[in-house]
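Protein chains in written order, with our numbering: chain Y, 264 to 350; chain P, 264 to 350.
All C-beta atoms in this analysis are idealised placements derived from N, C-alpha and C, irrespective of residue type, glycine included.
Remarks on the structure that follows.
Given below as structure tokens:
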């Protein structure tokens, strides 16, 4: 949606925008406005996708490669790892 | 996949995990290992989705509500806002 501007901004500049949205998400996590919280989640995801695009990463494929089989630890979904294990 | 552990951790604890993954993503943005970079994008997205779940936010719906019509500024995709405007 913003391809030309995104490429001009570059990875470092795009990361800063992602961080700004992470800060706004933090504020809404502390708040009690569910609609505003939902909108901030959308903004963080949009900037994460933008950063992935700028860096030639397919976000959907990344998720499938790492979590497509279930938990990377026990390979099950839901996760059956011991409670003492990460995460 | 991790529902029971996620609820026990709560929003604040889950946000801290998201921040840890953001830090790891930052390290890979600076690096040159594309596979590791892709894996960190997956981890950040996974923790973002986890935080959304913990806070009763539908991440897909959030994205549709905010960006489903295109750019929220000009309502077009690709965005046709002036270069001087955010973002």
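Taking C-beta to C-beta, are residue i and residue j nearer than 8 Å?
i	j	result
residue 305 of chain P	residue 326 of chain Y	yes
residue 311 of chain Y	residue 307 of chain P	yes
residue 333 of chain Y	residue 348 of chain Y	no
residue 317 of chain Y	residue 274 of chain P	no
residue 322 of chain P	residue 277 of chain P	no
residue 266 of chain P	residue 341 of chain Y	yes
residue 294 of chain P	residue 300 of chain P	yes
residue 346 of chain Y	residue 268 of chain P	yes
Would you mind reading off the limits of the alpha helix (DSSP H) that contains residue i?
i	result
residue 316 of chain P	297 to 317
residue 330 of chain P	322 to 330
residue 346 of chain Y	That residue, residue 346 of chain Y, is in no alpha helix (DSSP H); it is neither H nor E in DSSP.
residue 273 of chain Y	266 to 293
Indicate whether at least one CB of chain Y lies closer than 8 Å to the CB of residue i.
i	result
residue 266 of chain P	yes
residue 274 of chain P	yes
Please confirm whether residue i has its beta-carbon closer than 8 Å to some beta-carbon of chain P.
i	result
residue 289 of chain Y	yes
Any C-beta of chain Y within less than 8 Å: which residues of the segment 292 to 318 of chain P qualify?
292, 297, 300, 301, 302, 304, 305, 306, 307, 308, 309, 311, 314, 315 and 318
Near-chain Y residues of the segment 321 to 341 of chain P (beta-carbon distance less than 9 Å), N- to C-terminal order
321, 322, 324, 325, 326, 327, 328, 329, 330, 333, 334, 339, 340 and 341
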